[in-house]
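Protein chains in written order, with my numbering: chain D, 1 to 208; chain C, 209 to 416.
Note that the Cβ used here is the ideal one computed from N, Cα and C, for glycine as well.
Everything on this sheet refers to the single structure shown next.
Number of protein chains: 2
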Amino acid sequence: MPRPRKFVESDVVSSASEVFAVHGLAAATLDDLVRATGLGKQSLYNAFGGKRELFLRALSEDREEATRAVSEALGHDEALPLERIRGHLLRMAIEFSSSDRRVSLTTRALVESTGEEDPLSTTTKAGIEQLAGIYAQCLEHAREHGDLPEDANVQSLAVYFVAVTRGMELLGRAGVGRGVLTAVALDALRVLHGQRMEEADDFPPTRG
Amino acid sequence: MPRPRKFVESDVVSSASEVFAVHGLAAATLDDLVRATGLGKQSLYNAFGGKRELFLRALSEDREEATRAVSEALGHDEALPLERIRGHLLRMAIEFSSSDRRVSLTTRALVESTGEEDPLSTTTKAGIEQLAGIYAQCLEHAREHGDLPEDANVQSLAVYFVAVTRGMELLGRAGVGRGVLTAVALDALRVLHGQRMEEADDFPPTRG
DNA sequence: CAAGTTTTTGACCGGATGGTCAATAACGTA
DNA sequence: TACGTTATTGACCATCCGGTCAAAAACTTG
Numbered sequence: 001m002p003r004p005r006k007f008v009e010s011d012v013v014s015s016a017s018e019v020f021a022v023h024g025l026a027a028a029t030l031d032d033l034v035r036a037t038g039l040g041k042q043s044l045y046n047a048f049g050g051k052r053e054l055f056l057r058a059l060s061e062d063r064e065e066a067t068r069a070v071s072e073a074l075g076h077d078e079a080l081p082l083e084r085i086r087g088h089l090l091r092m093a094i095e096f097s098s099s100d101r102r103v104s105l106t107t108r109a110l111v112e113s114t115g116e117e118d119p120l121s122t123t124t125k126a127g128i129e130q131l132a133g134i135y136a137q138c139l140e141h142a143r144e145h146g147d148l149p150e151d152a153n154v155q156s157l158a159v160y161f162v163a164v165t166r167g168m169e170l171l172g173r174a175g176v177g178r179g180v181l182t183a184v185a186l187d188a189l190r191v192l193h194g195q196r197m198e199e200a201d202d203f204p205p206t207r208g
Numbered sequence: 209m210p211r212p213r214k215f216v217e218s219d220v221v222s223s224a225s226e227v228f229a230v231h232g233l234a235a236a237t238l239d240d241l242v243r244a245t246g247l248g249k250q251s252l253y254n255a256f257g258g259k260r261e262l263f264l265r266a267l268s269e270d271r272e273e274a275t276r277a278v279s280e281a282l283g284h285d286e287a288l289p290l291e292r293i294r295g296h297l298l299r300m301a302i303e304f305s306s307s308d309r310r311v312s313l314t315t316r317a318l319v320e321s322t323g324e325e326d327p328l329s330t331t332t333k334a335g336i337e338q339l340a341g342i343y344a345q346c347l348e349h350a351r352e353h354g355d356l357p358e359d360a361n362v363q364s365l366a367v368y369f370v371a372v373t374r375g376m377e378l379l380g381r382a383g384v385g386r387g388v389l390t391a392v393a394l395d396a397l398r399v400l401h402g403q404r405m406e407e408a409d410d411f412p413p414t415r416g
């Protein structure tokens, strides 16, 4: 019997995500969000609770999406585990060097969080650990396949790849171009081989 | 004949840096800055022009300091070029896993900048290139020393290290501890060797 | 069609924010 | 010691912010 909502929650969160990705949490105004979502201030408030809570929702969505994407890229596939990581990193290099000025909400949350207890921090940290877990799983498969030394530290390598990805994101934001970012990704992958990897055939040759 | 200033500019910029490092640009209030620097609002305004301009000054200082530090760490020394990079990365691992919640102004500027034309962006990008240049120089020495393959792409490796450093900073901010961060640094360094490097003797063994 | 529940709307609010102004103080110089 | 110049001080301001309130609207069910 209650009056039904005129909006779909997930759509609203999506629109809000966009705003936050462009402006960040502190710099985004409630007005920006109202304009982007099409909801009234009060409706927003009823449904989510406030700017910060809405950001948190968006952050969770971002985290889930990132997890899903990496999971898909590194998960069961025809390609060998190490090849999947390679493909993923190269894809990230392209994504991060795209022209839009967005920064992942995860990174934003990390930077804009006010302390370790901040939900922004805890959510983000959990997300990072989850991501590392996925990498670790894939690396473990590689090790079992004999594509990685028996004594390789799969856990720290996993975190390493998360770090590299984050760094690439920041560099992309700084304006580093696709070619360089791709070269960086290929460099990063050398950790897995000891020997230099064959050049990517679908990407331009690395340049400084 | 004019009344002399009661403060030293560089001190003020330093104090402001602290505030910005903790709160960021958008979240830092003029009041925070007034309190931290000890100057009155108007004096601040006279000397620097406003919050953003003051941040820019702080950012430049941060950039110079970072450049100086890396330059010193990778520059002329007794140690071999590759050993210097190793030492620097390990030192960064410790610094980034320290308990204070600070984020470098460079990273903040990157995230809080409003566009490619934003002075925050241009300054940061220049800083990154400068940093990469220092790495490149060191790597070039290593190559001449025969410690790096003749065909190693020194330029992209340099950017790679900047990316890794940035990523480590973010992970440290997320609460990743010293042990893990050190392991990540050691992983990152494997790029240079092809073979696994000897474990650091002055650091705890890596763990996931 | 009336009751009941929840959303929506739009006006409203206290407070904080970045920035400004005008008066005063402090200093070097003549 | 008086002057000119600049720094400092503290009050002041318009605006915008996140958030709230109360009334109207919309829909389902009985």
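Inset, instruction - Confirm, please, whether the CB-CB distance from V103 of chain D to A132 of chain D is below 8 Å. - result: no
Inset, instruction - Indicate whether the contact test is met: 3 or more Cβ pairs, each with one atom in the stretch 44-52 of chain D and one in the stretch 109-118 of chain D, closer than 8 Å. - result: no
Inset, instruction - Could you work out which residues of chain C lie near T107 of chain D, taking near to mean beta carbons separated by less than 7 Å? - result: V319, L378
Inset, instruction - Would you decide whether H141 of chain D is buried or exposed? Buried here means 16 or more other CB atoms lie within 10 Å of its CB. - result: buried
Legend entry - Simplified DSSP assignment, three categories, for G172 of chain D: helix
Inset, instruction - Classify V22 of chain D as helix, strand or coil using the three-state DSSP reduction. - result: helix
Inset, instruction - Confirm, please, whether the CB-CB distance from D147 of chain D to L89 of chain D is below 8 Å. - result: no
Legend entry - Every unbroken alpha helix (DSSP H) inside the stretch 88-112 of chain D [4 residues or more]: 105-112
Legend entry - Residue environment, S178 of chain C, which counts as buried when at least 16 other CB atoms sit within 10 Å: Any answer about residue 178 of chain C is impossible in this case: the structure gives chain C only from 209 up to 416.
Inset, instruction - State yes or no: is the beta carbon of L157 of chain D nearer than 8 Å to at least one beta carbon in chain C? - result: yes
Inset, instruction - Drop a sphere of 10 angstroms on the beta-carbon of P204 of chain D, count the other beta-carbons inside from all chains shown, and report buried for 16 or more, exposed for fewer. - result: Note on P204 of chain D: pLDDT 38, under 50, position unreliable in the model; no value is reported.
Inset, instruction - Could you run through the stretch 116-136 of chain D and flag, in chain order, every residue whose CB is less than 8 Å away from some CB of chain C? - result: E116, S121, T124, K125, I128, A136
Inset, instruction - May I have the straight-line CA-CA distance separating D239 of chain C from A27 of chain D, to the nearest angstrom? - result: D239 of chain C and A27 of chain D: Cα-Cα distance of roughly 18 Å.
Legend entry - Backbone secondary structure at L335 of chain C - three-state DSSP: Checking the displayed sequence, the identity of residue 335 of chain C turns out to be Gly instead of Leu. It is helical.
Legend entry - DSSP three-state assignment for S225 of chain C, whether helix, strand or coil: helix
Legend entry - From D:A188, D:S43, D:T123, residue whose alpha carbon lies closest to that of L157 of chain D: D:A188
Legend entry - Supposed contact pair E169 of chain D and T123 of chain D - C-beta distance, whole angstroms, cut 8 Å: Rounded to whole angstroms, the Cβ separation of T123 of chain D and E169 of chain D is 18 Å, and the two are not in contact under 8 Å.
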